[in-house]
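Heads up, the thing below is written out as structure tokens.
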Amino acid sequence: MIHFVKKALADIRSNRFLNFITIITISLSILIVSVFLLFFENTSRMIESWNQGGRVMIYLKNDFTLDMLPDLKKKINAMGETEVMIYIPKSYALERLKKTMSSQSTFLKTLKDNPLPDAMDIRMKSNNSFEKIQKFAQSIKAIEIVEDVEYGQSWLGRFLKIFNLFKITGYAMCSLFFLIALFITANTVRLAFYSRQLEVEIMRLVGATETFIKAPFYVEGLLQGFFGGIIGLATLLISYLMIAPGVTQNIASYIYFDIRFLSVQMILLIIFGSTFLGWFGCYLSLKQLLK
Amino acid sequence: MQHSLTHARYISKFGFSQLWGSINYLLKNMNVKNNKNSIIRLFNVSKRFGGKLALKDISLDIGQGEFIFISGPSGAGKSTLLKILYLAEKASEGQILIDGMNLARISSSKLPFLRRRFGMIFQDFKLIPARTVYENVALVLEAAGEKPSFIRKKVVQVLRTTGMEKKLKALPPTLSGGEQQRVAVARAVVGEPSIILADEPTGSLDSSSAQTTLDLLMEYHKKGATILIASHNLHLVESNIRGRNIEISDGMIQRTATML
Ligand SMILES: Nc1ncnc2c1ncn2[C@@H]1O[C@H](COP(=O)(O)OP(=O)(O)O)[C@@H](O)[C@H]1O
Ligand SMILES: [Mg+2]
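Protein chains in written order, with this note's numbering: chain A, 591 to 881; chain B, -3 to 256.
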């Protein structure tokens, strides 16, 4: 094994330019992929934090009467998502409105009927995903006496749609760059193979097995993938350390939010992925070259 | 009586094809036993390249420890004959036995193990230019999975016998032709193969280097190895080699002579 690593390192050294190009290509691909991942990890976390508490407001129809309340509560509780549920009668809501809008209270005083609906303020259990809240709200809306349901920020849904679209684009881009890196790696191995054709022929003549012949190429591919991944991530980390404080400060004036670097699991996954990429590129081209 | 009955029952149960197979096996084994010292046997071997016959109906029996000289003009089929032995080419017709192994039955995964029985020497040396003298020779043992400590000892020792121990770290392109061929001989013998195949080993060397190469091969021959040298140049060899000269031309054996 050490023999193969040594051989692979010697080959990388003797073929510096080609290997340099390959490692740079891999690291660029990894950089682009991990920028996307960094963005998604943080955006997802931001959306989660906006949803915190899972607050849902229910507005009831005009013909709601107080004796319907226990039945309604039972129905909502049966969905098993509710932690706290407060009934807000429309009279109370109007009182509160009058207090907060005291300057315009003369206008409110002229109202004969209370225009506000009865409402329920629900706080959901634990931190729910936006999708879950949405589903919960929809099933509440299906109750006959419920007029309308309001949850989260109304634009959040639309934002989420855009975000998902972005995510799909991101995945497509990641796959594209993965394929490009794969192609480049496979091509490097192919060129390395051609430049060592005499060597391979001689190895066969002296009784080397195909495994023995292939091993250095695989080690080379693995090393290229591994170092490409490390360099790509290191570049991301350096850029992150330079840019993140500024961005955090900018966002902080609107909401409290900190940008975090990729999780350790994600970093390991990326390095594993790029090492695999190196191996797979090698596999593809050797499969073609040595039957 | 009882015995022959069970025997008959055994045969009927065994089936005809199996019986025929065993007879064949026995015959083959007897054959091998009859020619106990045969290491290479060719039965009516032909090799066709497209429409052209490079070897025609060659039958040959080479004993263990023989020194064989294959001569003949350029294009006679000498290289092809050596190539079908180490399976760089497959014979189009006929059977080849190497040390009892039927080459037609050797799978590609077994091929490396066949190759380890041969040491090969070429006119163009076929050394890896980017690897040192030491590495070129060590490759054979590394490929065979030998221990590093053994490899180091053995490679240095063999390079000493060929007079190249002072150039372990040199790269082949920096060496003269004669020196490169010494390295090639070292590589051919380092795995202690029972057969050496040399294709025009002296073809690109001056006469003193050629003599050195032949001396090294004869030295190895004395240890019991079978040597096959193909060359279109008879002069050098005729004078100082004892062995069999197989003369081929047009892909056929024209004459076999023992040189004393
Ligand atoms: N790979 C090949 N394809 C087609 N023809 C070949 C090939 N190798 C050898 N030949 C032909 O077979 C004949 C014998 O060649 P070779 O064995 O190299 O001769 P020698 O080594 O005696 O000079 C020649 O006519 C040559 O052109
Ligand atoms: Mg020839």
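For glycine and all other residues, C-beta sits at the position ideal for the given N, C-alpha and C.
Worksheet item: Quick one: which chain B residues come within Cβ less than 8 Å of Ile602/A?
Response: Here the premise fails: no neighbours, minimum Cβ distance about 13 Å.
Item to complete: State yes or no: is the C-beta of Ser260/B nearer than 6 Å to some heavy atom of ligand 2?
Response: This structure cannot settle anything about residue 260/B, because the visible part of chain B is limited to -3 through 256.
Worksheet entry | Min CB distance Val136/B to chain A below 7 Å | yes
Discussion item. Looking at ligand 3, does it come within less than 6 Å of Ser75/B, judged from the CB to the closest heavy atom?
Written reply: Within the structure as shown, ligand 3 is missing, the only ligands being ligand 1 and ligand 2.
Worksheet item: What does a CB cutoff of less than 7 Å around Ile648/A pick up in its chain, not counting 5 residues either side in sequence?
Response: So the list reads Ala709, Met710, Ile712, Ile730, Val736, Val739, once near-sequence residues are dropped.
Item to complete: Could you spell out where the beta strand (DSSP E) holding Asp738/A opens and where it closes?
Response: 736 to 741
Item to complete: Note down the Cα distance separating Val28/B from Lys597/A, rounded to an integer number of angstroms.
Response: Note on Val28/B: pLDDT 45, under 50, position unreliable in the model; no value is reported.
Worksheet item: Taking 6 Å as the cut-off, is the CB of Phe45/B close to at least one heavy atom of ligand 1?
Response: Yes.
Practice prompt. Compare the C-beta of Gly871/A against all C-beta atoms of chain B and say whether one is closer than 7 Å.
Written response: No, because no Cβ of chain B sits closer than 7 Å to the Cβ of Gly871/A.
Worksheet item: Sorted by chain position, which residues of the same chain lie with C-beta nearer than 7 Å to Met893/A's C-beta, five sequence neighbours on each side aside?
Response: Nothing in the structure corresponds to residue 893/A, since chain A is present only between 591 and 881.
Practice prompt. Measure the beta-carbon distance from Lys819/A to Ser864/A and round it to whole angstroms, keeping in mind my assumption that it falls under 8 Å.
Written response: The displayed chain sequence assigns Gly, not Lys, to residue 819/A. Indeed they touch by this definition, with Cβ atoms about 3 Å apart.
Worksheet item: Name the chain A residues that come within less than 9 Å of Phe109/B, Cβ to Cβ?
Response: Gly797, Thr799
Worksheet item: What are the start and end residues of the beta strand (DSSP E) that includes Ile602/A?
Response: No beta strand (DSSP E) contains Ile602/A, which is instead part of the alpha helix (DSSP H) from 592 to 604.
Practice prompt. Counting only the same chain and skipping the five closest in sequence on each side, list residues whose C-beta sits under 7 Å from that of Lys55/B.
Written response: A small fix is needed here, since residue 55/B is Ser in this sequence, not Lys. Answer for Ser55/B: Leu38, Phe39, Asn40, listed in chain order.
Worksheet item: By how many angstroms is the C-alpha of Met675/A removed from the C-alpha of Ile666/A?
Response: 9 Å
Discussion item. Let me confirm a value: Pro108/B is counted as buried when at least 16 other C-beta atoms fall within 10 Å, else exposed. Which label applies?
Written reply: buried
Fill in: Within chain B, partners of Met832/A - CB distance below 8 Å
Within 8 Å Cβ-Cβ: nothing; Met832/A doesn't reach chain B, min ~42 Å.
Worksheet item: From this set, Gly47/B, Asp211/B, Glu62/B, which residue's C-alpha is nearest Ile35/B's C-alpha?
Response: Glu62/B
Worksheet item: Using a beta-carbon distance cut-off of less than 7 Å, what residues from the region 113 to 132 of chain B approach chain A?
Response: Met116, Lys122, Ile124, Ala126
Worksheet item: So what does DSSP say about Gly670/A, is it helix, strand or coil?
Response: coil
Worksheet entry | Asp711/A in three-state terms, based on DSSP | strand
Fill in: Cβ-based burial, Gln177/B [other Cβ within 10 Å; buried from 16]
buried
Worksheet item: Under 7 Å, do Ile80/B and Lys74/B count as touching if we go by C-beta distance?
Response: no
Worksheet item: Mapping DSSP to helix, strand and coil, what is Arg251/B?
Response: strand
Worksheet item: When the Cα atoms are used, what is the spatial distance from Leu155/B to Leu99/B?
Response: 32 Å
Practice prompt. Measure how close the beta-carbons of Val779/A and Leu876/A come, nearest whole angstrom, since I'm counting them as under 8 Å.
Written response: 7 Å
Item to complete: Kindly identify the DSSP beta-bridge partner or partners of Lys43/B.
Response: Leu51/B
Worksheet item: Start and end of the beta strand (DSSP E) containing Tyr649/A?
Response: 645 to 650
Worksheet item: Which two residues bound the contiguous alpha helix (DSSP H) that contains Asp211/B?
Response: Counting along the chain, Asp211/B sits inside the alpha helix (DSSP H) bounded by residues 203 to 218.
Practice prompt. Determine contact between the region 131 to 147 of chain B and the region 794 to 812 of chain A, defined as no fewer than three beta-carbon pairs at a distance below 8 Å.
Written response: Counting C-beta pairs with one atom in each stretch, the region 131 to 147 of chain B and the region 794 to 812 of chain A have three or more that are closer than 8 Å, which means they touch.
Worksheet item: So does the region 121 to 131 of chain B actually touch the region 83 to 99 of chain B, counting three or more Cβ pairs closer than 8 Å?
Response: no
Worksheet item: Can you name the residues of chain A whose CB is closer than 8 Å to the CB of Ala140/B?
Response: Gly797
Worksheet item: What do you reckon, are the CB atoms on Leu123/B and Val185/B nearer than 7 Å?
Response: no
Discussion item. Relative to the C-alpha of Pro707/A, which candidate in Lys689/A, Thr690/A, Lys699/A, Ala683/A has its C-alpha closest?
Written reply: Ala683/A
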